[in-house]
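In this note's numbering, the protein residues as written are 5 to 126. For reference, the structure discussed in these notes is given below.
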């Protein structure tokens, strides 16, 4: 196989993001059309609170698309935009944020509890 007949690798797109379904998606490569469609459908399903059955052939980046789209959707709930990023840390769970909620030492005594309750909103 000659070098010219090989498929070229996608170009890294490290500091660039793209907008899909109103969400700012950080994706490490320039996405193929099928990846944009996949991420759009993931975001739409999450926004509408519906299940989605998504298929794509092996090697098309399903896992990366799912992760990037889901993280972008979560950030959109907080109103995150890279061009409007705060200068200080506003993450309420960050150890460096002085207004972060104090850790609770209470433990649940309910059945199936193994050292405390599982956080419901991650």
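In this text, a Cβ means the ideal position worked out from N, Cα and C, and glycines have one as well.
Local conformation of residue i per DSSP, three classes
{"i": "residue 24", "result": "strand"}
{"i": "residue 30", "result": "strand"}
{"i": "residue 75", "result": "helix"}
{"i": "residue 56", "result": "coil"}
{"i": "residue 63", "result": "coil"}
{"i": "residue 42", "result": "helix"}
{"i": "residue 98", "result": "Model confidence at residue 98 stands at a pLDDT of 47, short of 50, so the residue's coordinates are unreliable and nothing is read from them."}
Cβ-based neighbour list, residue i, same chain, cut-off 8 Å, excluding 5 preceding and 5 following
{"i": "residue 24", "result": "40, 43, 44, 47, 73, 76"}
{"i": "residue 55", "result": "49"}
{"i": "residue 51", "result": "25, 77"}
Contacts around residue i, its chain only, beta-carbon distance under 6 Å, and the 5 residues preceding and following it disregarded
{"i": "residue 30", "result": "21"}
{"i": "residue 69", "result": "39, 42, 43"}
Sequence-distant residues of its chain with Cβ nearer than 7 Å to residue i (five each side left out)
{"i": "residue 27", "result": "47, 76, 77, 80"}
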